[in-house]
Amino acid sequence: MTIPSQGQTLYGKRISSLIGGDVKVYEDGTVTGTMKHVTGYTGFNEADPEEQEGYFFPFHLTKSGTNMTFKKNGAASKENIPWEADNVFRVTSSDTFEVLVDDESVVIFNFAKVVFTK
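All the letters of the sequence shown, read from the start, carry residue numbers 23 to 140 under the working numbering.
As structure tokens, then:
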């Protein structure tokens with residue numbers, strides 16, 4: 023798992039508009055650094071305007087596979103969706119997100135040590 027470069031674009035937004043260049047993910051899944059408040063992120067979820075605002079965490083999966091499952095705070099939020107290398111989660115400081123590739127846990131992100139800016 024890696025963080026995309028600041029100049030890369032995911033779902034219509036530059037990474038630099040989502041997170042600071044200081045964002046790091048540690049071996050245990052702890053995320054540190056600066057998350058930027060975003061509005062109008064229609065590429066994240068066109069159908070739900072409420073999900074177009076907030077804090078978004080982009081990441082690149084280095085483990086490939088056929089299917090992925092995402093668990094938010096222990097409950098499956100998306101199950102057995104087609105594998106995709108580049109992904110974005112909408113997060114808060116109290117969230118944990120687990121990423122499973124072909125039913126194998128890859129990482130459990132936690133955002134308690136992130137700085138959320140306005």
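Even glycine gets a Cβ: it sits at the ideal position worked out from N, Cα and C.
Does the Cβ of residue i have 16 or more other Cβ atoms within 10 Å, making it buried, or fewer, making it exposed?
i: Tyr63; result: buried
i: Asn102; result: exposed
i: Asn95; result: exposed
On the DSSP letters alone, give me the boundaries of the beta strand (DSSP E) that residue i sits inside.
i: Ile41; result: That residue, Ile41, is in no beta strand (DSSP E); it is neither H nor E in DSSP.
i: Asp117; result: No beta strand (DSSP E) holds Asp117; DSSP gives it neither H nor E.
i: Tyr63; result: Element bounds for Tyr63: n/a, residue is neither H nor E.
i: Tyr77; result: Tyr77 to His82
i: Asn89; result: Asn89 to Lys94
Please go through the same chain and pick out, in chain order, the residues whose beta-carbon is closer than 6 Å to the beta-carbon of residue i, but skip the five residues on each side of it.
i: Met57; result: Ile41, Tyr77, Val136 and Phe138
i: Lys93; result: Glu120
i: Gly43; result: Gln28
Could you give the DSSP three-state label for residue i: helix, strand or coil?
i: Thr26; result: According to the sequence as given, residue 26 is Pro; it is not Thr. The answer is coil: DSSP assigns Pro26 none of H, G, I, E or B.
i: Glu101; result: strand
i: Glu68; result: coil
i: Glu126; result: strand
Between which residues of its own chain and residue i is the CB-CB distance below 7 Å, once the five residues before and five after are set aside?
i: Val129; result: Met23, Gly51 and Val121
Within a Cβ cutoff of 8 Å, which residues of the same chain sit near residue i, ignoring the five residues on either side of it in sequence?
i: Arg36; result: Gln28, Gly29 and Gln30
i: Lys100; result: Met90, Thr91 and Phe92
i: Ala98; result: Thr91 and Phe92
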